[in-house]
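The opening residue of the sequence shown carries number 1 in our numbering; numbering runs sequentially from there. Comments concern the structure below.
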Amino acid sequence: MSALPPSDLSTSVIVHDVHPRHRADYERWMERATQAHQRFPGHVATDILMPAGAGLRYVVILRFCSSASASEWLLSPLRRALLEEARPWLLGRDRFRVHDDAEFWFAPSQNGPAPARWKQWLLSTSAVFPLTASVPPLVKMPGQSFAPGIPLAAEMLASAAIISALMVYWIMPRLTRAASAWLAR
């Protein structure tokens, strides 16, 4: 994982609707495309959301060290060539957006406004509170056993890094998806 501050990270969300008869073809292609963008300069992480059941929509979330790196990949000749291979299986055009700020978690839908700030605050707090209550003691216990003289600042840094990673990569994407109807009201 990169040591970049979160404000320097850029998240690209790519959406493809795939013809049902070509899901296997697309998934084989996706493995090659994933290997290609993981080797691209500035790549930090990849998440792929597969369609549920008979769904057709694949969502690929790419994180790059900067919006320039994300744009270079999204507009690269290599990606264009890969997309050309997949074009017969897609039901629509390739769609993507690049997000450079923390409000990505609460990006408004295409049809509506951003969620109210108090809802963003409440949802974020409900995720942060249990982490800030549980992660520091969990970091402190092994620290006392394996490195008894570890400085408090090191424990705090480890706790902050773990909490941030859990929030960005695991908790907030799932929590905002689960609360999407409430956020939209």
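Ideal placement from N, C-alpha and C gives every residue a C-beta, glycine not left out.
- Straight across, the Cα-Cα distance linking residue 131 with residue 163 is about 6 angstroms.
- Closest by C-alpha distance to residue 89, out of 56, 121, 69, is 56.
- A straight line joining the alpha-carbon of residue 156 with that of residue 146 spans about 16 angstroms.
- In the DSSP assignment, residue 47 falls within the unbroken beta strand (DSSP E) covering 43-49.
- Here residue 64 is bridged, per DSSP, to 10, 43.
- Distance from residue 18 to residue 58 at the Cβ level is roughly 6 angstroms; contact confirmed, criterion being Cβ atoms closer than 8 angstroms.
- Taking 8 angstroms as the cut-off, the beta carbon of residue 133 is found no closer than this to the beta carbon of residue 167.
- Assigned with DSSP and collapsed to three states, residue 94 falls in coil, not helix or strand.
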